Amino acid sequence: MKKSFRNGSRLAVLLLSFLWAFAAPAADPVVIDYMVLYTPAAETLAGGEAAMSNKIYSGVSNVNAVLSNSGLGHITYRLVHSQKMSANNTNIDLQLAMTELFSIDPIREIRNACRADSVSIVAERFNVGAWATIPQSASQAYQSFSYFGVRNFGGLTTAHELGHNMGGYHNNPYAEDEYDSSWTPYGYNFVGTNGVHYKTVMSTDFFSPYDPSGTTRLVSCSFYSNPNVRYQGAATGKARYADMAATITEWAPIIANTYGDTNSPDPDPDPVPVVTGPVITANGASGAVLVSSPGTVTVSVEMNPGQYSGTNADWWVVAYAHAGQWYYLDGALAWNEFNGDLSNCRPVHQGVLFTLPSYTVLDRFQLVPGTYDFWFAVDFSADGILNYPGGDYLADKVTVIVE
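First residue of the sequence shown: 6, per the numbering used here; consecutive thereafter.
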């Protein structure tokens, strides 16, 4: 969902987009200082303080990974501040909820103090919900806000909404053979040489437009549309039709300059917080990790118990292959397949929480192409039952995409 500011001239924006489509991409680093605020209820729904912190870092990691994949590695989001707000919202409608929150907390004052170029607010919605502004002129760059239901924050939806903040739209409303314009900041659908039907991050289509039967579902890939970047043998965009990269190249420096030169050293940087609870990484990275086949995957876990040190808990390591297989790691550190029913899952360990340095649970394993989710979780009912989603638990997740 999006809200567009249309005070500027569309003709002027079209002309700017046309000119940028033929300009050389910026080589200088662009850093967008980013802030996340969230309600107390959103923190609870996320699974607690550590889980919310993990969601925030996952969101930053995801948008930076998408930018890098899309040939825009010189553009990065830098988290400068995150904070729990003082109150929850009572509105179901997401836009009304954000209006309410703005009246409760000094959001703009917090932003000014942190000099954050872009701000995301996370509220306590269970269902699908996200909303973002789309700038139409440089003066509107200050209005770079995005809002999320907590279940939608932290993954590719974060990259999608921040893509709106950088000038992007959903799918082009015209068919490729019917449209010829320089208005190009759209998502894109395409078919790889492997026969899989893909959609880029800004696309909202569900079923493939290239399937006459209308039954083939599109598979998300971590790219903004760019006709000069290929994935699975196919271009991820089309010139003069779907080229988010050109638009981001234009808008990212404008947003990054909201408070002046963000590439100058920060005189008072926030300390990097230590995440309390479980942490899981793949090939040393968190969030979403891309691996080119036949590369290998190493999954590692670590634990910082913080205030939970000495608390008795069940420890869990669980994996899901999107092809349909579930696995858990048992006490002998062997992976066991199960049917996805969590009552058939077993903990890897039962005992008090302690500081666990990085420990490898999957060592240089060659996965077939596909998508895989790995979780490291602890729950505080030490009964050998994975009490999810209704129990008291801490968890972290990493997604591996093998191309």
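Using N, Cα and C, we set each Cβ at its ideal position, and we do this for glycine too. In this text, all values refer to a predicted model and were calculated from it rather than measured experimentally.
Short Cβ contact (9 Å threshold) for residue i with residue j
i: Ala387; j: Tyr393; result: no
i: Ala121; j: His169; result: no
i: Thr254; j: Ser149; result: no
i: Gln355; j: Glu342; result: no
i: His202; j: Tyr191; result: no
i: Gly154; j: Ala135; result: yes
i: Met308; j: Thr360; result: yes
i: Ala137; j: Tyr193; result: no
i: Ala55; j: Thr281; result: yes
i: Asp38; j: Ser91; result: no
i: Val206; j: Met249; result: yes
i: Thr198; j: Gln237; result: yes
Residue range of the unbroken beta strand (DSSP E) whose run includes residue i
i: Arg83; result: 80-89
i: Ile139; result: 135-139
i: Leu161; result: Counting along the chain, Leu161 falls outside any beta strand (DSSP E), though it belongs to the alpha helix (DSSP H) covering 161-170.
i: His202; result: 202-204
i: Leu361; result: 361-370
i: Gln330; result: 330-334
i: Phe381; result: 375-384
i: Phe228; result: Run containing Phe228: none; DSSP gives neither H nor E here.
i: Asn341; result: 340-343
i: Asn317; result: 317-326
i: Thr303; result: 302-309
i: Val155; result: Taken as a continuous stretch (DSSP letters only), Val155 belongs to no beta strand (DSSP E), as it is neither H nor E.
i: Asn194; result: 194-196
i: Ala387; result: Unbroken run through Ala387: none, as it is neither H nor E.
i: Ser125; result: 123-128
Among the options, the one whose alpha carbon lies nearest that of residue i
i: Ser363; options: Thr303, Gly311, Trp340, Val373; result: Thr303
i: Asn67; options: Gly375, Thr162, Tyr325; result: Thr162
i: Gly173; options: Thr376, Thr252, Gln148, Asn157; result: Thr252
i: Thr365; options: Val124, Asp384, Ala324, Thr286; result: Thr286
i: Asp33; options: Thr81, Ser58, Glu54, Gly134; result: Thr81
i: Cys226; options: Gly219, Thr220, Asn349, Ala239; result: Ala239
i: Asn233; options: Ser75, Asp397, Tyr39, Ala51; result: Ser75
i: Thr241; options: Lys204, Ala261, Gly265; result: Lys204
i: His327; options: Arg351, Gly389, Val373; result: Val373
i: Trp256; options: Gly52, Thr404, Tyr147; result: Tyr147
i: Val322; options: Thr281, Asp378, Pro299; result: Asp378
i: Pro352; options: Ser73, Gln371, Trp320, Asn69; result: Trp320
i: Pro140; options: Ser297, Ser348, Ile260, Ala324; result: Ile260
i: Cys350; options: Asn288, Ile126, Tyr325; result: Tyr325
i: Ile126; options: Glu114, Ala143, Ala290, Lys89; result: Lys89
i: Thr221; options: Ala318, Gly200, Phe228; result: Gly200
i: Leu347; options: Asn317, Pro217, Ala180, Gly389; result: Gly389
i: Ile112; options: Ser151, Thr316, Glu48; result: Ser151
i: Gly300; options: Ile115, Ser73, Val405; result: Val405
Limits of the unbroken alpha helix (DSSP H) element including residue i
i: Leu72; result: 54-74
i: Glu48; result: 45-51
i: Ile260; result: 249-261
i: Asn117; result: 112-119
Inter-residue CB distance, residue i and residue j (contact presumed, cutoff 8 Å)
i: Leu84; j: Ile61; result: 7 Å
i: Ser213; j: Leu223; result: 5 Å
i: Glu129; j: Ala46; result: 4 Å
i: Leu295; j: Glu408; result: 6 Å
i: Pro283; j: Phe381; result: 4 Å
i: Asn93; j: Thr44; result: 5 Å
i: Leu358; j: Ser305; result: Leu358 to Ser305, Cβ: 18 Å. No contact.
i: Phe385; j: Asp368; result: Not confirmed; about 29 Å, so no contact.
i: Cys119; j: Met40; result: 5 Å
i: Val403; j: Phe228; result: With 8 Å as the limit, Val403 and Phe228 do not qualify as a contact, their Cβ atoms being about 19 Å apart.
i: Val196; j: Tyr215; result: 5 Å
Interface flag, residue i vs chain D, CB-CB below 9 Å
i: Arg113; result: Of the protein chains in this structure there is only one, and it is not chain D.
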